[in-house]
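Quick note: the sequence shown uses the numbering used here, first residue 597, plus one each step. Glycine included, each C-beta is placed from N, C-alpha and C at the ideal position. In this text the structure is predicted, and so the values were computed from the model without any measurement.
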Amino acid sequence: YVFCNRRKDKIKCLYWDHNGFWLLQRQLEQGKFDWPEDENDTITIGYRELRWLLDGLSIKQNKAFKQLSYSTII
Numbered sequence: 597y598v599f600c601n602r603r604k605d606k607i608k609c610l611y612w613d614h615n616g617f618w619l620l621q622r623q624l625e626q627g628k629f630d631w632p633e634d635e636n637d638t639i640t641i642g643y644r645e646l647r648w649l650l651d652g653l654s655i656k657q658n659k660a661f662k663q664l665s666y667s668t669i670i
């Protein structure tokens, strides 16, 4: 789960790791995270979109390459 404060300059991530939770926080010195305007909105994002969010990019990008997954390497 990812939570953002009202000023959109802090994010907290709740992450499950094997037998317990991690609580991670990131605070921006300048700028704001690209967060939905409606505070009641709930969205589902993947790892890639989370990295974009933490890097200051929009999570609504449509130019990224699709992630490839191979089961056999020759």
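May I ask you to report which of helix, strand or coil DSSP gives residue i?
i: residue 618; result: strand
i: residue 673; result: Given a span of 597 to 670 for the chain in the structure shown, any question on residue 673 remains unanswerable.
i: residue 666; result: coil
Opposite residue i in the DSSP bridges: which residues?
i: residue 613; result: 616
i: residue 606; result: 623
i: residue 599; result: 608
Quick test of your reading: residue i and residue j, contact by CB under 8 Å. State the CB separation rounded to the nearest angstrom.
i: residue 610; j: residue 624; result: Not really, about 19 Å apart at Cβ, beyond 8 Å.
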